[in-house]
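Quick note, the sequences are listed as chains A and B, same order. Just so it is clear: in the first sequence, position 121 is 121 by my numbering, and no numbers are missing. Just so it is clear: in the second sequence, position 51 is 1051 by my numbering, and no numbers are missing. The C-beta atom is built at its ideal place from N, Cα and C for all residues, glycine as well. Data first, discussion second: the structure below is written as structure tokens.
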Amino acid sequence: MRIERKNRAAVSRRSFLKAGTAAAGGLVLGFVIPGANRPATAAAATPAAPNAFLRIAPDDTITVMVDRLEFGQGVHTALPMLIAEELDADWSRVRAELAPAGDVYKDPLFGIQMTGSSISVAHSFTHYRETGARARAMLIAAAAERWQVAPEQCATSKGVVIGPAGRRATYGALADAAMKQPVPATVRLKDAKDFRFIGKPVKRLDARAKSSGRQQFGIDFTLPGMKTAVVARPPVFGAKVRSFDAAKARAITGVVDVVEVAVGSGGRGVAVIADGYWPAKRGREALAIEWGTDAVAKLDSDRQMRDYRALAATPGQPAITADTGKLASSAKTISAVYEFPYLAHAPMEPINCVVDLGVDRCTVWAGVQFQTFDHGAIATATGLKPAQVTLNTMMSGGGFGRRGVTTSDDLIEAVNVAKAYGRGPVKVIWSREDDIKGGYYRPSHVHKVDIGLDANGDVVAWNHVIVGQAISAGTPFESVLIKNGVDSTTTEGIVEAYALPVNLSVHHPKANVPVLWWRGSASNHTAFVMETLVDEVAHAAGIDPVDYRRRLLGDRHPRHLAALELAVARSGYGKKQLDKDRAWGVAVHGMSGSVVAYVVEASVKDGVPRLHKVTAGVHCNMAVNPLTIEAQVQGAVLASLGTTLPGAAVTFKDGVVEQQNFNDYTVARMTDMPHVDVFIVPSTDPPGGMGEPGVPPLAPAFANAVFGVTRKRVRKLPFGLGSA
Amino acid sequence: MVTLHINGHDRQVDADPSTPILWALRDHLGMTGTKFGCGAALCGACTVHLDGAPIRACITPISAAAGHNITTIEAMEADKVGKAVQDAWVRHDVPQCGYCQSGQVMSAVALLRTKRHPSDADIDQVMSGNICRCGTYQRIRAAIKDAAATIA
Chain A
1 MRIERKNRAA VSRRSFLKAG TAAAGGLVLG FVIPGANRPA TAAAATPAAP NAFLRIAPDD
61 TITVMVDRLE FGQGVHTALP MLIAEELDAD WSRVRAELAP AGDVYKDPLF GIQMTGSSIS
121 VAHSFTHYRE TGARARAMLI AAAAERWQVA PEQCATSKGV VIGPAGRRAT YGALADAAMK
181 QPVPATVRLK DAKDFRFIGK PVKRLDARAK SSGRQQFGID FTLPGMKTAV VARPPVFGAK
241 VRSFDAAKAR AITGVVDVVE VAVGSGGRGV AVIADGYWPA KRGREALAIE WGTDAVAKLD
301 SDRQMRDYRA LAATPGQPAI TADTGKLASS AKTISAVYEF PYLAHAPMEP INCVVDLGVD
361 RCTVWAGVQF QTFDHGAIAT ATGLKPAQVT LNTMMSGGGF GRRGVTTSDD LIEAVNVAKA
421 YGRGPVKVIW SREDDIKGGY YRPSHVHKVD IGLDANGDVV AWNHVIVGQA ISAGTPFESV
481 LIKNGVDSTT TEGIVEAYAL PVNLSVHHPK ANVPVLWWRG SASNHTAFVM ETLVDEVAHA
541 AGIDPVDYRR RLLGDRHPRH LAALELAVAR SGYGKKQLDK DRAWGVAVHG MSGSVVAYVV
601 EASVKDGVPR LHKVTAGVHC NMAVNPLTIE AQVQGAVLAS LGTTLPGAAV TFKDGVVEQQ
661 NFNDYTVARM TDMPHVDVFI VPSTDPPGGM GEPGVPPLAP AFANAVFGVT RKRVRKLPFG
721 LGSA
Chain B
1001 MVTLHINGHD RQVDADPSTP ILWALRDHLG MTGTKFGCGA ALCGACTVHL DGAPIRACIT
1061 PISAAAGHNI TTIEAMEADK VGKAVQDAWV RHDVPQCGYC QSGQVMSAVA LLRTKRHPSD
1121 ADIDQVMSGN ICRCGTYQRI RAAIKDAAAT IA
């Protein structure tokens, strides 16, 4: 998902404040947004300091509030690094906490509190650093006052203010006094050459907790008297409950209630509420439900693909226009049809949500990507005022887009369960089967492309039709992302860096399947088509695929070129002799302000493609934490590789999802994982995102290598299901 | 009431005998370090040791565990091999989302107990039962080898 950055004014509208006194004293810095519904005075009176971004406690502990969801991408370490850098903190004293839903935690450019689109570090880069710099200035001012010296005579080092004549005071010792200092209106940020943390491989703050079982995730959260609920959702999206018999379920020890509730996609379901997951699950299995599926459309995947292929042969809604007149007279033509299936995100922590609903308040604990929408949706679902709703952001076991449901369906369903139960807090847990069958998939797509080349191998015409559901339709982003009937969440990545005369049109058929962004957004299919076709064009022109990309990039995209050249150089492409059964594959793609190029080695044995080695060239401008960037690229390789494996598809028969768990919905395992080397182009420009950009170019690089072995083009994901 | 021997202590669990060890740990004993990932022994997130051997707690009923020693992630810091593996996990910055890592650590500890110096093939074979969706496999391989070196 890309959202235009038209809300830059929001940055200047927020001003810093001392966000209130923590119960134990210390320095607390936050923001206030003029006109927002939480005035600074109220914040200052609240011990929890709801507007806080930074707390320095008298015991020297530094707590950074992270205004994003941490679900693996490392923002829980990166944002504290930004504050620690300017604060000159002792890293061993730095802690991080996830911020609850709150106006001050809204993305400074997008104006909503969210995690997605790989924006977290890029968008928070300045205000987190400024928070650290302001706190440091206040600590210095407090020390100068105490020592009766000028602030200019004081310096800082690793959490200590150092004054003339060897005077020293820790930040903790100065925190209370610093709180009495005015917040400086302006601060000067460090030069990149002076960075101690930014650009250095800093280890994750949560690594120990996550290696020892101590890290609390949303699913681990519990309240006194809390019950666990599982929900029987309809076999076809949007279907209703005609009738149900809960007698057998209620007879199971531990089952405390069975209620019918509204679920997502306009459907109805039956929730079993019990003392723990196991009786709830047994209770659900004991339910006899007659579903009313007559009124809902029942998708059949084979028929959908046939329909999509037929649609792709006709022009759609124009997205990008270019002259295709030279197709007929081209020296060479390439015609290709690609198919992509629905994909489940399958984060390791299944969807869950704790709701504590009272008469005049509701508190929710969940790992979500759109706190602003979710907070509002909970208020609407409960009939409470926004101020009566608290939404706590929980550390999450992966997401890959699945926790970014703009309609908040999962949370509303959990609120409905709590409401219907009415006797205390409830945790709704989705089983893995619920997750795989539960919708919000990456949409299925067909691309049809017709390309004309001239005698020099230059592309003179490129007619491109995409068929796929519009993810943004019916979301709060619709007005921004859908223009002239074309959802940019379908088309991003088609026209990226290359100088190609692309004529693009789009069909957005409706289907009774809730769809959602999946790590890499549209680029996880558009880049596959573009990077395999550019490879094919290069071969048709008799030009080396890397040389052909150099030619297409020209001198207009130096960052793409730098990433590509780095991957080429480090991989040994064109120099190293590969084993006889292996071939090279190359791809490069940019998104979210970063570019990733891959050079890969693959083989095909007994018809099974295998990825052996990946060399990544990354241009993300300033590499805030190279260790995290390496991890994100390794993760992106795995995510994309997973989509190529047999069984990586959600399919429908009579409206029912045919897969159910990791036995028939394939994800990549350790035996699939190639060795990945990551190299980063040095830069001091403001950082781009790195959560997603590694995903799109991997599968096409692999497919190009498969072509190198088999001389057959891969036109369908997952691979091996009828390659062309 | 079933008596379970967990991490060296007897614990009473008032649950149906069909209850998997996973839910006895999580819902009855408040031990949430062991994770629910698939409920069908497909992902390894719930891996614990039964008499030292790795098992999937999500499909093993407590009725099958009575009289046996259950060891969970919570006991690993006090365990020589467990501590070595956890330290290696931190040194190699292994976790991303971290949700699968309790199970990964338990599988790695079981591997190192039977093979002090596992090869890449040994690691791939044993660890392929533990799914990570974030992509930590490469660092897990390196961390297991590093842990093996520190134990020896």
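Residue of the options minimising C-alpha distance to residue i
i	options	result
threonine 1060 of chain B	B:Met1076, B:Ala1041, B:Ala1045	B:Ala1041
serine 117 of chain A	A:Val259, A:Leu69, A:Thr126, A:Gln469	A:Leu69
valine 64 of chain A	A:Arg93, A:Gln73, A:Tyr338, A:Gly72	A:Arg93
proline 609 of chain A	A:His557, A:Lys712, A:Pro224, A:His539	A:Lys712
aspartate 356 of chain A	A:Asp257, A:Lys419, A:Glu478	A:Lys419
isoleucine 629 of chain A	A:Gly607, A:Val681, A:Thr532	A:Val681
alanine 1057 of chain B	B:Leu1022, B:Trp1089, B:Ala1078	B:Leu1022
histidine 1068 of chain B	B:His1092, B:Gly1052, B:Ser1018, B:Leu1025	B:Gly1052
glycine 422 of chain A	A:Asp67, A:Gly283, A:Thr324, A:Ile273	A:Ile273
aspartate 1027 of chain B	B:Asp1014, B:Cys1038, B:Ile1140	B:Asp1014
leucine 327 of chain A	A:His464, A:Arg214, A:Gly218	A:His464
glycine 325 of chain A	A:Val650, A:Ser472, A:Val459	A:Val459
serine 1153 of chain B	B:Cys1046, B:Ala1147, B:Ile1055	Limits of chain B in this structure are 1001 at one end and 1152 at the other, which puts residue 1153 of chain B out of reach.
tyrosine 597 of chain A	A:Lys575, A:Lys605, A:Val633, A:Met622	It should be pointed out that residue 597 of chain A corresponds to alanine in this sequence rather than to tyrosine. It is A:Val633 whose Cα lies nearest to the Cα of alanine 597 of chain A.
leucine 1004 of chain B	B:Ala1066, B:Ser1128, B:Met1076, B:Phe1036	B:Ala1066
proline 224 of chain A	A:Ala703, A:Ala623, A:Leu552, A:Lys427	A:Lys427
valine 1105 of chain B	B:Gly1037, B:Asp1016, B:Glu1074, B:Asp1122	B:Glu1074
serine 472 of chain A	A:Asp672, A:Lys576, A:Val568, A:Ala522	A:Ala522
aspartate 1093 of chain B	A:Thr684, A:Ile351, A:Pro626	A:Pro626
glutamate 285 of chain A	A:Phe244, A:Ala569, A:Thr156, A:Asp307	A:Phe244
proline 315 of chain A	A:Ala639, A:Val486, A:Ser120	A:Val486
isoleucine 252 of chain A	A:Val263, A:Gly267, A:Gly276	A:Gly276
arginine 282 of chain A	A:Val604, A:His619, A:Val255, A:Lys332	A:Val255
aspartate 194 of chain A	A:Gln388, A:Pro697, A:Thr684	A:Thr684
proline 235 of chain A	A:Gly655, A:Val695, A:Asp672, A:His127	A:Gly655
glycine 1008 of chain B	B:Val1109, B:Ala1142, B:His1049	B:His1049
glycine 452 of chain A	A:Ala331, A:Thr710, A:Val714, A:Ala262	A:Ala331
threonine 666 of chain A	A:Val657, A:Asp672, A:Thr156, A:Gly647	A:Gly647
Integer-rounded CB distance, given that residue j should sit under 8 Å from residue i
i	j	result
serine 211 of chain A	glycine 238 of chain A	Not a contact, Cβ separation roughly 42 Å.
valine 231 of chain A	glycine 269 of chain A	5 Å
threonine 115 of chain A	glutamine 369 of chain A	5 Å
threonine 491 of chain A	leucine 504 of chain A	6 Å
tyrosine 1099 of chain B	glutamate 349 of chain A	5 Å
phenylalanine 652 of chain A	aspartate 300 of chain A	6 Å
proline 545 of chain A	aspartate 555 of chain A	Not confirmed; about 19 Å, so no contact.
proline 696 of chain A	glycine 520 of chain A	5 Å
Beta-carbon neighbours of residue i, restricted to chain D and to distances below 8 Å
i	result
phenylalanine 71 of chain A	Going by chain labels, chain D is absent from the structure shown, which instead holds the protein chains A and B.
heavy atom of the ligand MG below 6 Å from residue i C-beta
i	result
proline 1054 of chain B	Questions concerning the ligand MG fall outside what the structure shown contains, since it holds no ligand whatsoever.
At 4 residues or longer, what runs of the alpha helix (DSSP H) sit wholly inside the region 192-246 of chain A? 207-211
Residues of the region 431-461 of chain A with Cβ closer than 7 Å to any Cβ of chain B, in chain order: Ser431, Arg432
Got a sec: which bits of the region 368-395 of chain A sit with their beta carbon under 7 Å from any beta carbon on chain B, in order along the chain? none
Stretch pair the region 649-668 of chain A + the region 558-570 of chain A: three plus CB contacts closer than 8 Å: no
Contacting positions in the region 554-586 of chain A - beta carbon closer than 9 Å to chain B: none
Count the C-beta pairs between the region 643-654 of chain A and the region 579-587 of chain A that are closer than 8 Å, then say yes if the count reaches three, no if not. no
Taking a Cβ distance cut-off of 9 Å, strictly less, list which residues of the region 1029-1059 of chain B are near chain A, in chain order. Gly1030, Met1031, Thr1032, Gly1033, Thr1034, Lys1035, Phe1036, Gly1037, Cys1038, Gly1039, Ala1040, Leu1042, Cys1043, Ala1045
Return the residues of the region 261-282 of chain A that lie within a Cβ-Cβ distance of less than 9 Å from chain B, sorted by chain order. Asp275, Gly276, Tyr277, Trp278, Pro279, Lys281, Arg282
Of the residues that make up the region 349-368 of chain A, which ones have a beta carbon closer than 8 Å to any beta carbon in chain B? Glu349, Pro350
What are the residues in the region 1100-1122 of chain B lying within 8 Å of chain A by C-beta distance? Cys1100, Gln1101, Ser1102, Val1105
The region 675-694 of chain A in contact with the region 585-592 of chain A per 3-pair CB rule at 8 Å: yes
Suppose only complete runs of 3+ residues qualify. What are the beta strand (DSSP E) ranges in the region 432-472 of chain A, listed by chain order? 445-453, 459-468
Cβ contact (3+ pairs, closer than 8 Å) linking the region 205-224 of chain A and the region 160-175 of chain A: no
Quick check: the region 380-387 of chain A against the region 427-434 of chain A, are at least 3 beta-carbon pairs closer than 8 Å? no
Please go through the region 1016-1072 of chain B and give each complete beta strand (DSSP E) segment of 3 or more residues, from N-terminal end onward. 1047-1050, 1053-1056, 1069-1071
Taking contact to mean at least 3 C-beta pairs separated by less than 8 Å, is the region 49-58 of chain A in contact with the region 165-185 of chain A? yes
Residues of the region 216-244 of chain A in Cβ contact with chain B at a cutoff of 8 Å, in chain order, please. Gln216, Phe217, Ile219, Asp220, Thr222, Thr228
Using a Cβ-Cβ cut-off of less than 7 Å, list which residues of the region 658-676 of chain A approach chain B; keep chain order. Asn661, Phe662, Asn663, Val667, Arg669, Met670, Thr671, Met673, His675, Val676
Segment contact flag, the region 328-346 of chain A with the region 434-454 of chain A, C-beta cutoff 8 Å, min 3 pairs: yes
Which whole runs of the beta strand (DSSP E) in the region 93-154 of chain A are 3 residues long or more, in chain order? 94-98
Of the residues that make up the region 1003-1027 of chain B, which ones have a beta carbon closer than 8 Å to any beta carbon in chain A? Ala1015, Asp1016, Ser1018, Thr1019, Pro1020, Trp1023, Arg1026, Asp1027
Could you check whether the region 1084-1093 of chain B touches the region 1123-1135 of chain B, counting it as contact only if at least three pairs of C-beta atoms, one from each stretch, sit closer than 8 Å? no
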